[in-house]
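*Asks:* In the working numbering, the protein residues as written are 14 to 411.
Would you mind keeping the following structure in view while I ask a few things?
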Amino acid sequence: MTRFNVDHFNALAQKEATLCVSLYTPTEKISTDGHQSSKIHFKNALTEARNQLLEVHEMSESDADSFLAESFQLLDDQEFWKYSSDMLAYFIFDGESVFYKLPLSIESPICQVNQRPYLLPLIPELNDDGHFYLLVLNLKQVSLFEMTRSTIDQIPLPDSVSVSYTEEIEDADNQKALQHRSGIGEAGAMFHGQGSGSSEARKAEILQYYHRLSTDIEAILNQNPLPLLLAGVDYLIPLYKQASNYTHVVEPYLTGSYSEDDTLTLATEAWQLMEPQFVQDRLDRKENYGLFAAKGQGGDDVETVILTALSGGVDTLFVQAQEEVWGTYDAEKFSLTVEESPSRSNYSLLNEAAQKTIAYGGKVYLVEKDEMPATDSMIAGMFRYPLTEVNQETENTL
Numbered sequence: 014m015t016r017f018n019v020d021h022f023n024a025l026a027q028k029e030a031t032l033c034v035s036l037y038t039p040t041e042k043i044s045t046d047g048h049q050s051s052k053i054h055f056k057n058a059l060t061e062a063r064n065q066l067l068e069v070h071e072m073s074e075s076d077a078d079s080f081l082a083e084s085f086q087l088l089d090d091q092e093f094w095k096y097s098s099d100m101l102a103y104f105i106f107d108g109e110s111v112f113y114k115l116p117l118s119i120e121s122p123i124c125q126v127n128q129r130p131y132l133l134p135l136i137p138e139l140n141d142d143g144h145f146y147l148l149v150l151n152l153k154q155v156s157l158f159e160m161t162r163s164t165i166d167q168i169p170l171p172d173s174v175s176v177s178y179t180e181e182i183e184d185a186d187n188q189k190a191l192q193h194r195s196g197i198g199e200a201g202a203m204f205h206g207q208g209s210g211s212s213e214a215r216k217a218e219i220l221q222y223y224h225r226l227s228t229d230i231e232a233i234l235n236q237n238p239l240p241l242l243l244a245g246v247d248y249l250i251p252l253y254k255q256a257s258n259y260t261h262v263v264e265p266y267l268t269g270s271y272s273e274d275d276t277l278t279l280a281t282e283a284w285q286l287m288e289p290q291f292v293q294d295r296l297d298r299k300e301n302y303g304l305f306a307a308k309g310q311g312g313d314d315v316e317t318v319i320l321t322a323l324s325g326g327v328d329t330l331f332v333q334a335q336e337e338v339w340g341t342y343d344a345e346k347f348s349l350t351v352e353e354s355p356s357r358s359n360y361s362l363l364n365e366a367a368q369k370t371i372a373y374g375g376k377v378y379l380v381e382k383d384e385m386p387a388t389d390s391m392i393a394g395m396f397r398y399p400l401t402e403v404n405q406e407t408e409n410t411l
């Protein structure tokens, strides 16, 4: 299963099509009835897409059915539903589909039919607002998870990654034993890495193993950097931290002898440990926004923030969940036309602002109303330079 990262986001944002259907539906990881609930959500979203194609985009019934035919066929593809996460993000560009299965919770399906992909629901997958990795350091089996408040999803590690220190040492001991049986060294000698040598020698072996492991793990984590929480017995954590070059390892860590069978316990304990950090991060962001706004480098005027984002001037963007601003952007005039409802010719301007902010290397947070840094705002931004400079730059481009 392909893991979603900012490169995928930007690639989707740059997709061009005459028509794009963007669907987000809840899915089940485990099901006792053939994933019927997941299929019903997806079928309902496809039906809504068909209605929008007919009513808003004035497509004929035969053309609409042809446009969605491949997607409706997935309802009978049991293999497709067997390997699900918590949310299905599904896009149809002029009849060709792209999809991602993500560990993000969603209450009900979302359907948008437009000339551009609707990507706002993907924002939480790209930032650390309640979203983190958990690495379980068990010598028998290393496990990597991706977590949010309500989800825990194990990340499959490639076969090339040595996930068991125990097996690696046993393999090495077997090779030594074979060599001795072949007459190399003392006849009949047997070695057992876990039980031989001093405690310090064993730690040195584990440290070398962690150097190799961390290189492989970080190749995965750096595709979409998020905070990394470590879990394991006391003496293993410092060894892994010493070996790792990943800059987002957090403290404190979970102490205990965990295995893959302890997933529910891990999820509960990990969130209890991480939640205060995310709460503090949100408070820090609100405080930083106030400081930026006070010096003219932040604001919550809808058109100003959107225009600044579209020009690459927003460093951090806050978008209120479930809100929308419909309209169009005229790049030559550097102006917006805001409309009351969606139509075949307009699109979500909040979606455009978020996409451009990420494309220019900024950060975007999709937050609830009570977590917005500016009261009663649907969008707010921290700018890369004071607003007077933004306005001056705008005048120079006209």
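Backbone N, C-alpha and C fix where the C-beta goes; we use that ideal spot for every residue, glycine too.
#1: At what residues does the beta strand (DSSP E) containing Y378 begin and finish?
#2: Which first and last residues belong to the beta strand (DSSP E) in which Y37 is found?
#3: Between the C-alpha atoms of Q49 and K42, what's the straight-line distance to the nearest angstrom?
#4: Kindly provide the ranges of any beta strand (DSSP E) runs that are 3 or more residues long and lie completely inside the region 14-87, ordered along the chain.
#5: Return the chain-ordered ranges of every beta strand (DSSP E) run that is complete within the region 284-365 and spans a minimum of 3 residues.
#6: Going by the beta-carbon positions, is the gap between L115 and S98 smaller than 7 Å?
#7: Which of the three DSSP states is assigned to S257 in this structure?
#8: Whose CA, out of L150, S121, N57, lies closest to the CA of E273?
#9: Starting from the Cα of D142, find the closest Cα among V34, F396, S163 and give me that residue.
#10: For R295, I'd like the list of residues in its chain whose CB is within less than 7 Å of its CB, leaving aside the five on either flank, ordered along the chain.
#11: I'd like to confirm the pairing. Which residues does DSSP put opposite Q125 in its beta bridges?
#12: Would you mind reading off the limits of the alpha helix (DSSP H) that contains I233?
#13: Which class does L148 belong to by DSSP, given the choice of helix, strand or coil?
#14: I need the DSSP call for T164, collapsed to helix, strand or coil.
#15: Identify which residue in L320, F80, E159, P130 has its Cα closest to the Cα of Y342.
#16: What did DSSP end up calling Y103 once you bin it into helix, strand or coil?
#17: Can F17 and Y113 be called in contact, C-beta distance under 7 Å?
#18: Could you tell me whether the region 359-373 touches the region 123-135, using the rule of 3 or more Cβ pairs below 8 Å?
#19: In whole angstroms, what is the alpha-carbon distance linking T38 and Q290?
#20: Answer with buried or exposed for E120, where buried requires no fewer than 16 other C-beta atoms within 10 angstroms of its C-beta.
#21: Apply the 10 Å Cβ neighbour rule to E365 and answer buried if 16 or more other Cβ atoms are within range, or exposed otherwise.
#22: Just verifying my parser: in three-state terms, what is the DSSP assignment at F392?
*Replies:* Concretely, from the data shown:
#1: Looking up residue 378 in the sequence shown gives position 365. Unbroken beta strand (DSSP E) run through Y378: 376-380.
#2: By one-based count along the sequence shown, residue 37 stands at place 24. Counting along the chain, the beta strand (DSSP E) containing Y37 begins and ends at 33-39.
#3: Counting from 1 along the sequence shown, the entry for residue 49 is found at position 36. Counting from 1 along the sequence shown, the entry for residue 42 is found at position 29. Computed Cα separation, rounded: 12 Å.
#4: Within the region 14-87, the complete beta strand (DSSP E) runs of at least 3 residues are 33-39.
#5: Listed in chain order, they are 327-333, 339-343, 348-352.
#6: Within the sequence shown, residue 115 is the residue found at index 102, counting from 1. Within the sequence shown, residue 98 is the residue found at index 85, counting from 1. The answer is yes: Cβ separation under 7 Å.
#7: The residue given as residue 257 occupies position 244 in the sequence shown. Looking at S257 - three-state DSSP - the assignment turns out to be coil, as it is neither helix nor strand.
#8: By 1-based counting over the sequence shown, the position of residue 273 is 260. Nearest to E273 by alpha-carbon distance, out of L150, S121, N57, is L150.
#9: Locating residue 142 in the sequence shown gives position 129, counting from the first residue. Proximity to D142 across V34, F396, S163 peaks at S163, based on C-alpha coordinates.
#10: Residue 295 sits at position 282 when you count from the first residue of the sequence shown. Once the five neighbours on either side are set aside, the close Cβ partners of R295 are E384.
#11: Sequence index remark: in the sequence shown, residue 125 carries index 112 (1-based). DSSP, once it has assigned bridges, lists S35 as partnering Q125.
#12: Looking up residue 233 in the sequence shown gives position 220. Counting along the chain, the alpha helix (DSSP H) containing I233 begins and ends at 212-234.
#13: Working through the sequence shown from its first residue, we reach residue 148 at position 135. Reduced to three states, the DSSP call for L148 is strand.
#14: The residue labelled residue 164 in the question sits at position 151 within the sequence shown. Here T164 sits in coil by DSSP.
#15: For this step, residue 342 is matched to residue 329 along the sequence shown. Put simply, of L320, F80, E159, P130 the residue whose alpha carbon is nearest the alpha carbon of Y342 is L320.
#16: Sequence index remark: in the sequence shown, residue 103 carries index 90 (1-based). The three-state secondary structure of Y103, taken from DSSP, is strand.
#17: As a position in the sequence shown, residue 17 is number 4, starting the count at 1. As a position in the sequence shown, residue 113 is number 100, starting the count at 1. Yes, these two residues count as a Cβ contact at 7 Å.
#18: Touching, yes.
#19: Along the sequence shown, read from residue 1 onward, the residue named residue 38 stands at position 25. Along the sequence shown, read from residue 1 onward, the residue named residue 290 stands at position 277. Cα to Cα, the separation comes out at about 29 Å.
#20: What you label residue 120 is simply residue 107 of the sequence shown in a count that begins at 1. Classification of E120: exposed, given that the 10 Å Cβ count is below 16.
#21: Reading the sequence shown from its first residue, position 352 is the one you call residue 365. Buried: at least 16 other Cβ atoms inside 10 Å.
#22: The sequence position of residue 392 within the sequence shown is 379, counting from 1. Reading off the sequence shown, one finds Ile at residue 392, where the question assumed Phe. Strand.
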